[in-house]
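Residue numbers (the numbering used here): -5 to 34. Beta carbons are placed, not taken as given, at the ideal position from N, Cα and C, and that holds for glycine.
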């Protein structure tokens, strides 16, 4: 039972890090696009 609980927690942690990675990538892409657009 303990192993199953730990496995569930690790899966949730991986999902959280995946969401953080997606958000971080989106923010970086948006900022790069904004900088390229702002440049003359």
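Beta-carbon proximity list for residue 47, same chain, < 6 Å, skipping 5 on both sides: The requested residue 47 is not part of the displayed model; the chain covers only -5 to 34.
CA-to-CA distance, residue 14 to residue 33, given in whole angstroms: 28 Å
Residue 33 in three-state terms, based on DSSP: coil
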